[in-house]
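Numbering (full-length UniProt numbering), first residue to last: 1 to 246. Positions of the beta carbon are idealized from the N, C-alpha and C atoms, including for glycine. Reading through the structure tokens given below for one structure.
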DNA sequence: AATGTATGCAACCGCGACGAA
DNA sequence: ATTCGTCGCGGTTGCATACAT
């Protein structure tokens, strides 16, 4: 039972994008918006698969991209977020306006890993390279657990009652806005209908609408800004966390 | 100047999640 | 409840460039 290919590979270009292809993609999206990626290439006159178009747009052509070097503040933010979220590059990117998950992932692998190693910090555990001492950013590492999404929430609910070193662990995050009101970069209309009831549920009526920082026990801190978010995607993330718990 | 090696980045691949039928 | 199509994510690859010898 094989999976059908995402596109007709025999008639698609691969590899680096040409200026002409870029222009076609940009002008099409400017005119029609980010619609269905699968049909976009044909409509735009591109011999590319939809995935390739999406990637090119998100990682390179989007007008709101920053480009350029990462600042020291961005470095530190990425390190902290990675300590909390693990290799969830899209979530990390959501906290860094103008940066893409791919860019951050590359930057992590080429720069920050080395930076941490030079500090004597293990880039995966965020703890000291030698010795099993408590990690510098000791939030449960999603990539190290069997159920990453559940672990993030479990760490909140369970450690709140069990105490432990949670308070110590939080110290590294207190200056972070962890209301993962992740401004997921451009969702397709199909998946983020403005008319979806999620918005209102997230902001007012639903008791389920609790931001991740609340889940992590930060609701009494300045880090929590769930009450300010209007982003329906917040609830999407939260809902998944909720589901993972049950 | 030529060659080898390291580095950085763009792009691809495979898989899981999700919604619609 | 199941299947199918699509999207998005994370890991990996491969090319271009920089740097060293």
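With which residues is residue i paired in a DSSP beta bridge?
| i | result |
| --- | --- |
| residue 121 | 128 |
Hey, residue i and residue j: beta-carbon distance below 7 Å or not?
| i | j | result |
| --- | --- | --- |
| residue 44 | residue 28 | yes |
| residue 37 | residue 54 | yes |
| residue 85 | residue 91 | yes |
In the DSSP assignment, find the unbroken alpha helix (DSSP H) run with residue i in it and report its ends.
| i | result |
| --- | --- |
| residue 19 | 19-32 |
| residue 48 | Element bounds for residue 48: n/a, residue is neither H nor E. |
| residue 60 | Note, residue 60: premise wrong, no alpha helix (DSSP H); not H, not E. |
| residue 69 | No alpha helix (DSSP H) holds residue 69; DSSP gives it neither H nor E. |
| residue 106 | 101-107 |
| residue 44 | 40-44 |
| residue 16 | Careful: residue 16 lies outside any alpha helix (DSSP H) and carries neither H nor E. |
| residue 91 | 89-94 |
Rounded to whole angstroms, how far is the Cβ of residue i from the Cβ of residue j, which I believe are closer than 8 Å?
| i | j | result |
| --- | --- | --- |
| residue 83 | residue 126 | 4 Å |
| residue 79 | residue 112 | 6 Å |
| residue 72 | residue 96 | Going by Cβ atoms, the distance from residue 72 to residue 96 rounds to 13 Å, so no, they are not a contact pair. |
Examine the Cβ distances between the segment 10-21 and the segment 41-54 and report whether three or more of them are shorter than 8 Å. yes
Touch test, the segment 61-69 against the segment 86-106, Cβ-Cβ under 8 Å, three pairs minimum: yes
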